[in-house]
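Asker: Numbering (the working numbering) for the sequence shown: 4 to 316. We put the CB at the ideal spot given by N, CA and C, even for glycine. Since we're looking at a predicted model, the values are computed, not measured. Could you have a look at this structure, given as structure tokens, before my questions?
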Amino acid sequence: MNFGLLPLVASPPLIRGRFDPIFANRDFGVRGDGFSDDSVQLQRFLDEGANRQAIIESASMDMVYTGQLYLRDNCKLIGNGATLTAHPGSNVGTTGLHVTDATWAGVGPTGVLIQDLIIKPQADLRRTNGALTGTGQAAAIYCIGTKDLVLRKIKVINPAGDGIYIGGNSSTGRLSQHFSVEDCYVENPGRNCYSLVGTYVGGFRNCTAFNANYGVAHGNISYGWDFEPDSANTLNSAVDCVSCKAMYNQVGFGENLALGVSSNCNWISCYTEGNSIGFYASGAGFGCRVIGGRVNGNTTNYSTISEKIASFP
């Protein structure tokens, strides 16, 4: 037999075609070993994930990150139950996934999906380590000026600030519009589990807010859901919560009316348990209706709410 040199065979390209899915470990070397910093590889993965499925291969992957990780237009991030964990020594600049532009202000990405992912910002551990003080900034998932956003089956445990923040500004960019948050869970945030500050046409279904109390104990606020316009340019309109649960928070479902009023928003068949206040508005002009609200063991079930409907019409 002739054992001469074999002809050179070109390696397949990293990405085979415009519409092929990409994979975090196979294509970008994301290790997911629970201790190595994967931030650089993860950002390359998300950059290339524009207009693609970006797939994390396994629920056993635990990817350590610092700073912020930015998603691009039409990225469909499929987590398959994997975990994204903040480095225990990371400072206030470490937040999480950003569906924003680089300034955190103007027009954010369109068509982003984030699905089946666990995010652990480790705020308590970072405070114990002296790397973080206070309630942090931004959110574990921070969405500004987005359109057609879908968040599905995401669990956020112990974020430094908010768990999930969706907002925008009609004068400097756009409101976040046409969004859907489904089957998500946020626990023990530094501020609110879910914040809405400038949204239009969207909703939450079967989501849970649990143990938002750190903020109110440290000079901030602690809501399960906070409908909180902070100016006339950041109002919330036509946003519903359906079959959601707020348990053991300072406030379960609340609207902060200091600087603006939401309109045509509904909390429908939502459950509150063990909160200091179940359903709350901070002043007159309440813009959210409680329809079929369920209460169990709150210190106060309804506070400053002028419009509530006991059952469906």
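Between residue 299 and residue 276, which are expected to be in contact by the criterion C-beta below 8 angstroms, what is the C-beta distance as a whole number of angstroms?
Answerer: About 4 angstroms; that satisfies the 8 angstroms criterion.
Asker: Less than 8 angstroms between the CB atoms is what I'm expecting for residue 60 and residue 29, so what's the real figure, rounded?
Answerer: Between residue 29 and residue 60 the Cβ distance is about 7 angstroms, and since that is below 8 angstroms, they are a contact.
Asker: Going residue by residue through the segment 81-159, where are the continuous alpha helix (DSSP H) segments of at least 4 residues, counting only ones entirely within it?
Answerer: List check, alpha helix (DSSP H) in window: 126-131.
Asker: Quick one: what does DSSP say residue 50 is sitting in, helix, strand or coil?
Answerer: The answer is helix: DSSP assigns residue 50 an H, G or I state.
Asker: Who are the Cβ neighbours of residue 290 in its own chain at under 7 angstroms, not counting the five residues just before and after it?
Answerer: The residues are 258, 264, 265, 266, 268.
Asker: Please identify the residue among 180, 162, 55, 119 whose C-alpha is closest to the C-alpha of residue 136.
Answerer: Taking only the C-alpha atoms, the option nearest residue 136 is 162.
Asker: With the cut-off set at 8 angstroms, would you say residue 142 and residue 98 are in Cβ contact?
Answerer: Cβ atoms of residue 142 and residue 98: closer than 8 angstroms.
Asker: Which word fits residue 308, buried or exposed, when buried means at least 16 other C-beta atoms lie within 10 angstroms of its C-beta?
Answerer: By the neighbour-count rule (16 or more Cβ atoms within 10 Å), residue 308 is buried.
Asker: Beta-carbon within less than 7 angstroms of residue 110's beta-carbon, same chain only, minus the 5 sequence neighbours each way: which residues are those?
Answerer: For residue 110, where only same-chain residues beyond five positions count, the Cβ hits under 7 angstroms are 104, 148, 176, 177.
Asker: Return the chain-ordered list of same chain residues with a C-beta closer than 6 angstroms to the C-beta of residue 191, the five sequence neighbours on each side being excluded.
Answerer: Within the same chain, residue 191 has close Cβ partners 161, 214.
Asker: For residue 116, which residues of its own chain have a beta-carbon under 6 angstroms away from its beta-carbon, when the five flanking residues on both sides are left out?
Answerer: The answer, listed in chain order, is 79, 153.
Asker: Just reading off the beta strand (DSSP E) that residue 28 is part of, what are its end residues?
Answerer: Run containing residue 28: none in the beta strand (DSSP E); it sits in the alpha helix (DSSP H), 27-31.
Asker: Among residues of its own chain, excluding the 5 on either side of residue 73, which ones have a beta-carbon nearer than 6 angstroms to its beta-carbon?
Answerer: 101, listed in sequence order.
Asker: Which same chain residues, not among the five before or five after residue 1, have their C-beta less than 6 angstroms away from its C-beta?
Answerer: A query on residue 1 cannot be resolved here, the shown segment of the chain reaching from 4 to 316 and no further.
Asker: Using the beta-carbon count (16 or more within 10 Å), is residue 21 buried or exposed?
Answerer: Classification of residue 21: exposed, given that the 10 Å Cβ count is below 16.
Asker: Quick check on the DSSP output: the beta strand (DSSP E) that includes residue 203 runs from which residue to which?
Answerer: Taken as a continuous stretch (DSSP letters only), the beta strand (DSSP E) holding residue 203 covers 202-208.
Asker: So for residue 219, helix, strand or coil by DSSP?
Answerer: Correct three-state label for residue 219: helix.
Asker: For residue 44, which residues from the same chain have a beta carbon less than 6 angstroms from its beta carbon, with the 5 sequence-adjacent residues on both sides left out?
Answerer: For residue 44, where only same-chain residues beyond five positions count, the Cβ hits under 6 angstroms are 31, 32, 33.
Asker: With DSSP collapsed to three states, give me the class of residue 71.
Answerer: DSSP places residue 71 in coil when its eight states are reduced to three.
Asker: Just to confirm, are residue 252 and residue 278 a CB contact at a threshold of 8 angstroms?
Answerer: Going by C-beta atoms, residue 252 is nearer than 8 angstroms to residue 278.
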